[in-house]
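Each residue of the sequence shown is one higher than the one before, starting from 106 at the first, in the numbering used here.
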Amino acid sequence: LRYSVPGVGLISPPPHHDIYSIEDLAQLIHDLKNANTNARVSVKLVAEVGVGTIAAGVAKAHADLVLISGHDGGTGASPLTSIKHAGIPWELGLAETHQVLVMNDLRSRIRVETDGQLKTGRDVIVATLLGAEEYGFSTAPLVTVGCILMRVCHLNTCPVGVATQDPKLRKKFTGDAQYVVNFMRFIAQEVREYMAELGFRTVNEMIGHTECLGMNKAVEHWKTRGIDLSAILLQPDAPPSVIRHQVIEQDHGLEDALDNTTLLDLCRPALDRGEKVEAVVPIRNINRVVGTITGSEITRRFGPQGLPEDTIKLNFTGSAGQSFGAFIPPGMTLTLEGDSNDYLGKGLSGGKIVVFPSRQATFVAEENVIIGNVAFYGATGGEGYIRGVAGERFCVRNSGARTVVEGVGDHGCEYMTGGRVVVLGTTGRNFAAGMSGGVAYVMDEAGEFARRCNKEMVALGKVEDAEEAKEVQAMIARHAQYTGSKRAQEILGTWSQWLPYFVRVMPKDYERVLAAQREMRLAGLSPEEAEMAAFEQNSKNAARLGGK
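Shown next as structure tokens:
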């Protein structure tokens with residue numbers, strides 16, 4: 106799922122550097138809905154004071170479901186500080202969320218779920234009366250299949266074989282899917298009995314009826330003195346006409362997407378018969394997430410392998426909106442003569458994106474920003490060639506795409522776990538922060554890159570291997586071919602003079618694991634066996650260094 110290399114540590118949970126406002130969240134929801142029009146988009150929020158206001162924003166951002174997660178949850182891979190100190194009980198967050206949504210007449214547009222150590226049918230009843238209509242069970246079902254809560258889920262050492270890829274440990278797994286089925290049947294039976302006792306026929310009838318709840322008068326411990334639960338049991342001040350459970354489907358406006366109005370019809374020969382298609386299409390900045398619905402149709406019909414390279418070639422002219430080419434699969438090539446807003450190539454999944462300035466432009470391409478922030482965020486494969494400078498957070502969390510760009514802003518290649526990035530110009534500060542995989546090659550004419558790079562997890566060096574130099578040269582040649590870049594042509598024309606200026610940015614752990622894999626393959630192991638052997642060797646070394 107993460108397209109990472111076994112044996113290389115990851116930063117988990119990862120930060121979401123494509124979300125800095127409710128508008129960013131709305132864009133992400135829109136992107137995901139374009140990627141799969143049939144999927145429900147869920148937004149998870151940690152229960153905390155003020156979560157109701159955030160949930161109202163989530164509803165306005167057109168999410169289909171909001172999940173209020175209590176402080177008692179948390180997997181064995183979560184940081185200890187998160188497990189112990191983040192969030193408040195789900196009851197508090199859920200009650201506030203339901204009340205705020207009802208008071209703003211938003212409850213009818215969104216479903217509400219809660220989780221965080223739900224274990225019994227009574228927990229489900231309480232959650233429903235406080236405002237939820239969906240419920241998440243995680244820890245309890247894991248226990249039914251054998252989990253003993255060792256909290257080593259991230260170490261591949263689970264002693265009962267629940268959370269591990271180690272074949273020896275997986276043999277110890279004694280669970281069965283039927284155990285979970287039986288557990289959930291008992292939960293449902295208890296819920297049915299409580300509903301009958303309270304006089305409710307359906308879950309929707311029961312949602313938000315806090316008058317059925319009360320404080321436990323028998324609790325007289327000194328710690329409970331002064332506790333007032335009236336805010337949790339409050340009935341929102343809203344007219345009876347306000348619906349208190351979800352009945353209205355969110356309007357995502359997909360019928361107006363450029364894909365639905367134009368691109369799908371243009372690409373029909375490729376989708377139906379596998380024929381090559383090429384077209385020129387004007388584009389404006391109001392056209393968001395262009396190519397994604399078409400790409401999802403390709404994946405739906407042909408699977409993740411998509412179509413042969415360049416089966417669909419769409420040449421756009423103008424200024425593209427956000428998320429141009431997001432998630433596009435193999436077989437799609439999007440060329441943009443103009444410029445693009447943020448999130449270009451987000452989640453690129455094998456397609457190809459080419460951007461270059463208008464032929465009428467009078468500015469110098471390599472000195473001007475041509476695409477916005479957060480380009481190729483979370484890309485897992487494919488190619489990108491950008492004639493011009495990219496904004497901030499270029500190729501954050503890239504795990505497989507191969508891209509060439511002529512300059513980037515701050516935080517380039519942050520949290521990258523795979524792929525190749527060639528930068529034919531300057532970078533901003535904090536380059537390669539948290540980078541644990543993949544390789545970047547940065548042109549450093551002025552000799553200032555070292556101070557702009559975050560060297561905590563990476564090592565800087567020259568491109569000394571002949572095969573590696575050929576790989577970089579080939580990427581630049583493709584960049585010149587697709588974009589007509591004068592910068593690339595100049596470098597290729599005197600390659601031997603420019604090669605020494607390239608700085609190779611390689612994650613330290615990544616390089617060590619790749620070297621171990623090469624040794625294992627030379628010893629006669631298959632690629633899969635070498636990968637596992639290198640992983641086990643790295644795990645033993647890490648345990649020894651950690652004193653375990």
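Built from N, CA and C at the ideal position, the CB exists for glycine as well.
So, with DSSP's three-state summary, where would you put residue 475? strand
May I ask which residues mark the beginning and end of the beta strand (DSSP E) holding residue 595? Where residue 595 is concerned, there is no enclosing beta strand (DSSP E), although the alpha helix (DSSP H) it sits in stretches over 591-598.
Taking only runs of the beta strand (DSSP E) that begin and end inside the stretch 497-532, which ones reach a length of at least 3 residues, in chain order? Listed in chain order, they are 504-510 and 522-528.
Nearest CA to the CA of residue 407: which residue from 437, 294, 510 and 530? 437
If we ignore side chains and look at the alpha-carbon of each, how far apart do residue 110 and residue 542 end up? 7 angstroms
Enumerated in chain order, which unbroken segments of the alpha helix (DSSP H) with a length of 4 residues or greater are wholly contained in the stretch 533-589? 554-557 and 571-588
Segment limits, alpha helix (DSSP H) that includes residue 189: Note, residue 189: alpha helix (DSSP H), 185-190.
Using 10 angstroms around the beta-carbon of residue 190, count the other beta-carbons present and answer buried if the total reaches 16, otherwise exposed. exposed
Beta strand (DSSP E) containing residue 139: first to last residue? Run containing residue 139: none in the beta strand (DSSP E); it sits in the alpha helix (DSSP H), 127-140.
Would you list the one or two residues that DSSP bridges to residue 440? 420 and 459
For residue 538, which residues from the same chain have a beta carbon less than 6 angstroms from its beta carbon, with the 5 sequence-adjacent residues on both sides left out? 519 and 559
Out of 344, 232 and 227, state which residue places its alpha-carbon closest to the alpha-carbon of residue 294. When only C-alpha atoms are compared, the closest one is 227.
Start and end of the alpha helix (DSSP H) containing residue 403? 397-407
Can you tell me where the alpha helix (DSSP H) with residue 158 in it begins and where it stops? Looking at the DSSP string, the run of the alpha helix (DSSP H) that includes residue 158 is 156-165.
Measure how close the beta-carbons of residue 568 and residue 604 come, nearest whole angstrom, since I'm counting them as under 8 angstroms. 6 angstroms
From what residue to what residue does the alpha helix (DSSP H) around residue 614 run? 613-627
What are the boundary residues of the alpha helix (DSSP H) that includes residue 228? 226-235
Would residue 523 pass as a contact of residue 505 if the rule is Cβ separation under 8 angstroms? yes
When the Cβ atoms of the stretch 305-322 are set against those of the stretch 117-129, are three or more pairs found closer than 8 angstroms? no
Count Cβ pairs between the stretch 623-637 and the stretch 574-587 that sit closer than 8 angstroms; are there 3 or more? no
For a test of the three-state rule: what should DSSP assign to residue 123, helix, strand or coil? Note: residue 123 maps to coil in three-state DSSP.
Rounding to the nearest angstrom, what Cα-Cα distance links residue 601 and residue 640 in this structure? 37 angstroms
Quick check on the DSSP output: the alpha helix (DSSP H) that includes residue 605 runs from which residue to which? Taken as a continuous stretch (DSSP letters only), residue 605 belongs to no alpha helix (DSSP H), as it is neither H nor E.
The alpha helix (DSSP H) spanning residue 244 covers which residue range? 244-249
In the structure shown, what three-state DSSP assignment does residue 652 receive? Any reading at residue 652 is ruled out, since the residue's pLDDT is 45, under 50, leaving its predicted position unreliable.
Tell me the rounded alpha-carbon separation between residue 115 and residue 389. 38 angstroms
Cβ pair count under 8 angstroms reaching 3, the stretch 470-486 against the stretch 435-453: Short answer: they touch.
Could you give the residue range of the alpha helix (DSSP H) that holds residue 377? Note, residue 377: alpha helix (DSSP H), 373-378.
Reducing DSSP to helix, strand and coil, say where residue 110 ends up. Judged by DSSP in its simplified three-state form, residue 110 adopts coil rather than helix or strand.
Those runs of the beta strand (DSSP E) which lie wholly inside the stretch 269-348 and span at least 3 residues: none
When 124, 502, 459 and 117 are compared against residue 186, the one with the closest alpha-carbon: 117
What residue does the beta strand (DSSP E) around residue 487 start on, and which one ends it? 486-491
Under a three-way DSSP split, which group does residue 354 fall into? coil
Measuring alpha carbon to alpha carbon, tell me which residue in 256, 242 and 236 is nearest residue 338. 236
To the nearest angstrom, how far is it from the Cα of residue 410 to the Cα of residue 487? 11 angstroms
In terms of alpha-carbon separation, which member of 378, 544, 588 and 586 lies closest to residue 503? 544
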